[in-house]
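So in my numbering, the last one in the sequence shown is 243, and the numbering has no gaps at all.
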Amino acid sequence: MTVIKKQKKVWRAIFHALSGTTLVGGILVFELERPIYLGVVASVLTISLLFDLLRLRHHGINQIFLETFKRLATTRESRSIASSTWFALGALITLTFFTEGIALSAILVHSWADPVAAYIGTKWGNQPLMGGSLQGVLAFAFIAFIALNLHHSFQVSFYSACLCAFVERLAWPIDDNLLVPPICAGIVTTLTLLI
Numbered sequence: 049m050t051v052i053k054k055q056k057k058v059w060r061a062i063f064h065a066l067s068g069t070t071l072v073g074g075i076l077v078f079e080l081e082r083p084i085y086l087g088v089v090a091s092v093l094t095i096s097l098l099f100d101l102l103r104l105r106h107h108g109i110n111q112i113f114l115e116t117f118k119r120l121a122t123t124r125e126s127r128s129i130a131s132s133t134w135f136a137l138g139a140l141i142t143l144t145f146f147t148e149g150i151a152l153s154a155i156l157v158h159s160w161a162d163p164v165a166a167y168i169g170t171k172w173g174n175q176p177l178m179g180g181s182l183q184g185v186l187a188f189a190f191i192a193f194i195a196l197n198l199h200h201s202f203q204v205s206f207y208s209a210c211l212c213a214f215v216e217r218l219a220w221p222i223d224d225n226l227l228v229p230p231i232c233a234g235i236v237t238t239l240t241l242l243i
């Protein structure tokens, strides 16, 4: 991997972690009510989606976007919806259909564990596993456990973290920023009821 690709991966990881942490932190610090935070996330999603559609239709706008966010934007995003838009949709689905505590935990899991797993897997991953590496999957599970254990029992956190790490590695045809938060929230909800 080239130095530029490695730097881009680091910047994307930082942006990824900060986005979810800012969302969760904002909801908790400002004690936002459900209708307010759903409205804010829906507004961010709408603006992001409209901008994506605009830039994908107009080459000049897309070039400005790619140049402005060259440390973050991937080649895939030059011709499709940005990962941040998928994240906003995934967060909105999660916040809409799950209890606040579980939704916020699931958003933190994806925001923290995904970039750490990518970094560990890229840097030290030498045992292939499901399109990634064993080291990356273990890093995801460990960070997911820490994020979940802030609000949930040890058992729920442990089993949910393991299942979420497995789910994250499945080869989904849809951006994981959309799928992982609601699936993680579903896993935590189910295990909370069962354990």
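C-beta atoms are modelled at their ideal positions from N, C-alpha and C, and glycine is treated no differently.
Counting only runs of at least 4 residues, the region 78 to 137 fully encloses the following alpha helix (DSSP H) elements, listed from N- to C-terminal order: 82 to 105 and 107 to 116.
Leaving aside the five residues that flank T240 on each side, the residues in its chain whose CB is nearer than 6 angstroms to its CB run, in chain order, V204. Approximately 4 angstroms separates the beta-carbon atoms of G138 and P229; this is inside 8 angstroms, confirming the contact.
Residue pairing by DSSP places L177 opposite G180 in a beta bridge.
The Cβ neighbour count for R127, taken over all protein chains shown within 10 Å, is under 16; the residue is labelled exposed.
Spatial neighbours of A189 in its own chain (CB-CB distance under 7 angstroms, excluding positions within 5 residues in sequence) are listed in chain order as A209, C210 and A213. Put simply, of G73, I52, H200 and S67 the residue whose alpha carbon is nearest the alpha carbon of K118 is I52. Taking C-beta atoms under 8 angstroms as the contact rule, T70 and S96 fail to qualify, at a distance of about 15 angstroms. Going by beta carbons, I191 and W172 fall outside the 8 angstroms limit. In this structure, D162 and E125 do not form a Cβ contact; the two beta carbons are roughly 16 angstroms apart against a cut-off of 8 angstroms. Membership of V236 in the alpha helix (DSSP H) is indicated by the continuous run D224 to L242.
The C-beta distance from L93 to A136 rounds to 4 angstroms, short enough to fall under 8 angstroms. Cβ neighbours of F113 within its own chain (closer than 6 angstroms, five residues either side excluded): R103.
DSSP, reduced to helix, strand and coil, places H64 within a helical segment of the structure shown.
Collapsing the DSSP output to three states places W220 in coil.
F146 sits close to T237, with the two beta carbons spaced by under 8 angstroms.
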